[in-house]
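Q:
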Amino acid sequence: MSLKQIYKWAGLVAAAVVLLVVFMTTWYTVDESEQAVVLTFGEAEDGITEPGLHFKMPWPVQEVEKMSKETFSLDFGFDEEGEEADKVTMITGDDMIVQADLVVQWKITDPAGYLFASENPEQVLFNATSSTLRGVIGSSEIDEALTSGKAEIENEVREDLVSLIEGYEIGISIIDVRLQEVDLPNEEVRSAFTKVTDAREQKQSKVNEAEKYANQMREEAKGEKDAIIQRAEGDKVDRVRTAEGAVSKFDALLDEYEGNESVTRERLVMETLEEVLPEADVYVMNDEGDTMKYLPLQQQNPPAAPAQEESEEEEES
Numbered sequence: 101m102s103l104k105q106i107y108k109w110a111g112l113v114a115a116a117v118v119l120l121v122v123f124m125t126t127w128y129t130v131d132e133s134e135q136a137v138v139l140t141f142g143e144a145e146d147g148i149t150e151p152g153l154h155f156k157m158p159w160p161v162q163e164v165e166k167m168s169k170e171t172f173s174l175d176f177g178f179d180e181e182g183e184e185a186d187k188v189t190m191i192t193g194d195d196m197i198v199q200a201d202l203v204v205q206w207k208i209t210d211p212a213g214y215l216f217a218s219e220n221p222e223q224v225l226f227n228a229t230s231s232t233l234r235g236v237i238g239s240s241e242i243d244e245a246l247t248s249g250k251a252e253i254e255n256e257v258r259e260d261l262v263s264l265i266e267g268y269e270i271g272i273s274i275i276d277v278r279l280q281e282v283d284l285p286n287e288e289v290r291s292a293f294t295k296v297t298d299a300r301e302q303k304q305s306k307v308n309e310a311e312k313y314a315n316q317m318r319e320e321a322k323g324e325k326d327a328i329i330q331r332a333e334g335d336k337v338d339r340v341r342t343a344e345g346a347v348s349k350f351d352a353l354l355d356e357y358e359g360n361e362s363v364t365r366e367r368l369v370m371e372t373l374e375e376v377l378p379e380a381d382v383y384v385m386n387d388e389g390d391t392m393k394y395l396p397l398q399q400q401n402p403p404a405a406p407a408q409e410e411s412e413e414e415e416e417s
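Using the working numbering, you'd call the opening residue of the sequence shown number 101 and step up by one each time.
(1) Along the chain, which unbroken stretches of the beta strand (DSSP E) at least 3 residues long are found entirely within the segment 176–239?
(2) Report the option in 212, 245, 154, 161 whose CA atom is closest to the CA atom of residue 196.
(3) Please name the residue or residues paired with residue 128 in a DSSP beta bridge.
(4) Check this for me: beta carbons of residue 228 and residue 261, under 8 Å apart or not?
(5) Quick one: using the 10 Å Cβ neighbour count with 16 as the cut-off for buried, is residue 183 buried or exposed?
(6) So which of 251, 148, 238 has the shortest CA-CA distance to residue 427?
(7) What is the DSSP secondary structure of residue 273, reduced to helix, strand or coil?
(8) Using only the alpha-carbon positions, how far apart do residue 379 and residue 350 sit?
(9) Between the segment 251–260 and the segment 233–242, do three or more beta carbon pairs fall short of 8 Å?
(10) Along the chain, which unbroken stretches of the beta strand (DSSP E) at least 3 residues long are found entirely within the segment 282–312?
(11) Compute the minimum distance between the beta carbon of residue 373 and the heavy atoms of the ligand NAD, and state whether it is under 7 Å.
(12) Taking the Cβ atom as the reference point for each residue, do residue 231 and residue 176 lie within a distance shorter than 8 Å?
(13) Can you tell me where the alpha helix (DSSP H) holding residue 379 begins and where it ends?
(14) With a cut-off of 8 Å on the beta carbons, I'd call residue 277 and residue 202 a contact; round off their distance for me.
(15) For residue 137, collect the residues of the same chain with a Cβ closer than 6 Å to its Cβ; drop the 5 residues on either side in sequence, then sort them by chain order.
(16) So, at 6 Å on beta carbons, what are the nonlocal neighbours of residue 285 in its own chain, with the 5 sequence-adjacent residues on each side left out?
(17) Within the same chain, show all residues whose beta-carbon is closer than 6 Å to that of residue 111, passing over the 5 residues directly before and after it, in chain order.
(18) Tell me whether residue 221 is buried or exposed, calling it buried when 16 or more other Cβ atoms sit within 10 Å of its Cβ.
(19) Who are residue 168's beta bridge partners in DSSP?
(20) Taking the alpha-carbon of residue 273 as reference, which of 174, 304, 133 has the nearest alpha-carbon?
(21) According to DSSP, residue 318 sits in a beta bridge with which residue or residues?
(22) Rank 345, 249, 241 by C-alpha distance to the C-alpha of residue 190 and give the top, closest one.
(23) Buried or exposed: residue 398, going by 16 or more other Cβ atoms within 10 Å of its Cβ?
(24) Leaving out five residues before and five after residue 170 in sequence, what residues of the same chain have Cβ atoms less than 8 Å from its Cβ?
(25) Go through its chain and collect everything with a Cβ distance to residue 270's Cβ below 6 Å, but skip five positions before and after it.
(26) If you reduce the DSSP assignment to three classes, tell me which class residue 348 lands in.
(27) Tell me which same chain residues have a C-beta within less than 8 Å of the C-beta of residue 253, skipping the five on either side of it?
(28) CA-CA distance, residue 393 and residue 370?
(29) Classify residue 337: buried if its beta carbon has 16 or more other beta carbons within 10 angstroms, exposed otherwise.
(30) Which stretch, first to last residue, makes up the alpha helix (DSSP H) that contains residue 255?
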């Protein structure tokens, strides 16, 4: 075989290889569970390739990168095999140490961003998750983290992490965030925290009892105050009525006095003497030296008549 024939056959083989490579790299298939992006000289084209058979320019002009559409899970606080590892330790807003486990579900929604925006998007997601969880826990108190505040912490972590990942533009979307567990680091701390919690509950119970007693005494005081006010109002009405009666009596007496001053004056003198000296016998002498007994002047035992008769007999004699 001559050298010319060798070159000829070598060219044919090379051409066949090139044709085979062109044939093999001008089409590709995408499964339902996959998504693909076509790279032209290393630059990604817009859009995600739909499932099925597709054609492209042969390699090395264009090539295809395929990625899964499934939802992935990032177990923050667990090892890769799913066994529980050392939980992530962090500090709460009131300087207490807690451990937390978090599961982040995510998927690739922008293959071009996932390929070229970051060298390791999963590590970026891990760091963002750690930063977000530590930030939320660090602004919460231990009671919230261990009890009723877990749901609120979980929602806050989800919102912050979604916003952070969207800002990074690494082709990842957060589907869900689940806070698996928040606990104290060891048994001694748990025991101490339990005692503190029990003491706090007892304190709250005592405070509630004190408030109940205070409310009861306050209501009793209010009732007593209302009773005193009512009695005072009653006394006020009685005194007003008594004063009004005294004024009416004084007005009537004034009218009598203005009508007959001498008679009214003598009557007032007699009534005053009877009131001041109820047990005394009072005699009044007239200008002729005779005496008259004026007091006492009770109607049931009037002493005025005998005295007057005695005075009359003396005059006749």
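Here a beta-carbon is modelled for each residue, glycine too, at the ideal position from N, C-alpha and C. All values derive from a computational prediction rather than experimental measurement.
A: For this structure:
(1) 188–191, 197–208
(2) By 1-based counting over the sequence shown, the position of residue 196 is 96. That would be 245, whose Cα lies nearest to the Cα of residue 196.
(3) Residue numbering aside, residue 128 sits at position 28 when the sequence shown is read from its first letter. Paired residue(s): 154.
(4) Looking up residue 228 in the sequence shown gives position 128. Looking up residue 261 in the sequence shown gives position 161. It is a contact, given that the beta carbons lie within the stated cut-off.
(5) Position 83 of the sequence shown holds residue 183. Caution is warranted here: a pLDDT of 49 is assigned to residue 183, below 50, making its placement in the model unreliable, and the coordinate value is therefore given only provisionally. Under this definition residue 183 is an exposed residue.
(6) Missing from the structure shown is residue 427; the chain here goes from 101 to 417 and no further.
(7) As a position in the sequence shown, residue 273 is number 173, starting the count at 1. Looking at residue 273 - three-state DSSP - the assignment turns out to be strand.
(8) Residue mapping note: residue 379 aligns to position 279 of the sequence shown, counting from 1. Residue mapping note: residue 350 aligns to position 250 of the sequence shown, counting from 1. Roughly 27 Å separates the two Cα atoms.
(9) yes
(10) none
(11) Looking for the ligand NAD in the displayed structure turns up nothing, as the structure carries no ligands at all.
(12) Sequence index remark: in the sequence shown, residue 231 carries index 131 (1-based). Sequence index remark: in the sequence shown, residue 176 carries index 76 (1-based). Result no, Cβ atoms of residue 231 and residue 176 do not sit closer than 8 Å.
(13) Residue 379 sits at position 279 when you count from the first residue of the sequence shown. Where residue 379 is concerned, there is no enclosing alpha helix (DSSP H), given that its DSSP letter is neither H nor E.
(14) As a position in the sequence shown, residue 277 is number 177, starting the count at 1. As a position in the sequence shown, residue 202 is number 102, starting the count at 1. Right, the Cβ-Cβ distance comes to about 7 Å (below 8 Å), so this counts as a contact.
(15) The residue labelled residue 137 in the question sits at position 37 within the sequence shown. Taken in chain order, the residues that qualify are 144, 165, 211, 212.
(16) Here the question's residue 285 lines up with position 185 in the sequence shown. So the list reads 197, 199, once near-sequence residues are dropped.
(17) For the purposes of this step, residue 111 is taken as the residue at position 11 of the sequence shown. Here the set comprises nothing.
(18) Position 121 of the sequence shown holds residue 221. So residue 221 ends up on the buried side.
(19) Here residue 168 refers to the residue found at position 68 when the sequence shown is read from its first residue. Answer is 134.
(20) The count along the sequence shown starts at 1 and reaches residue 273 at position 173. Residue 174 is the option with its Cα nearest to residue 273.
(21) Position 218 of the sequence shown, counting from 1, holds the residue named residue 318. Answer is none; residue 318 lacks a bridge partner.
(22) The count along the sequence shown starts at 1 and reaches residue 190 at position 90. The residue with the shortest Cα to Cα distance from residue 190 is 241.
(23) Position 298 of the sequence shown, counting from 1, holds the residue named residue 398. Caution applies to residue 398, whose pLDDT of 42 falls short of 50 and renders its modelled position unreliable; the value that the coordinates give is listed next. So residue 398 ends up on the exposed side.
(24) As a first step, residue 170 is located in the sequence shown; it is residue number 70 there, counting from the start. The residues are 133, 207.
(25) The sequence position of residue 270 within the sequence shown is 170, counting from 1. Excluding positions up to five away in sequence, the list reads 213, 217, 218, 221, 224.
(26) Counted from its first residue, the sequence shown places residue 348 at position 248. Reduced to three states, the DSSP call for residue 348 is helix.
(27) As a working mapping, residue 253 is identified with position 153 in the sequence shown. The residues are 236, 237, 240, 244, 245, 279, 282.
(28) Start at 1 with the first residue of the sequence shown, and residue 393 comes out as number 293. Start at 1 with the first residue of the sequence shown, and residue 370 comes out as number 270. Low confidence applies here, because residue 393 scores a pLDDT of 48, under 50, leaving its location unreliable and the question unanswered by this model.
(29) Here residue 337 is taken as the residue at index 237 of the sequence shown, counted from 1. Answer is exposed; the Cβ neighbour count stays below 16.
(30) To locate residue 255, count along the sequence shown from 1; it is residue 155. Run containing residue 255: 250–268, per the alpha helix (DSSP H) assignment.
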